[in-house]
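Notes to accompany the following structure.
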């Protein structure tokens, strides 16, 4: 049975630094490595997410993920939206922190 693109994308998006996407695909060895390195310090997790979004991820048997063509547009939009929201919230947080530091002086 082929693994789901949508499940793999969600796991890579939200739990990629823990290697859960790799465990789901049956790649236990690299899942453990990804887990103990926090997703290769985030770099490996990002690369895996990009690989999933471009349809280049396969399960341990080399089979493509089921549902890529059907869900690729939505997952790309959601990923970009989450990235933008993360950047905006990080920027707002930095501005608030900078304001608090200025008030303390």
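Numbering (UniProt numbering), first residue to last: 1 to 105. Quick reminder that beta carbons are idealized off the backbone N, C-alpha and C, glycines included. Just so it is clear, the structure is predicted and the values come from calculations on it, not from any experiment.
When DSSP reads this structure, residue 69 sits in no beta bridge, so it has no partner. Counting C-beta pairs with one atom in each stretch, the stretch 19 to 30 and the stretch 3 to 11 have three or more that are closer than 8 angstroms, which means they touch.
For residue 63, there is no enclosing alpha helix (DSSP H), as DSSP gives it neither H nor E. For residue 75, the closest alpha carbon among the candidates 53, 93, 48, 92 is that of 53. Between residue 65 and residue 12 a beta carbon distance of about 11 angstroms is seen, past the 8 angstroms cut, so the two are scored as non-contacting.
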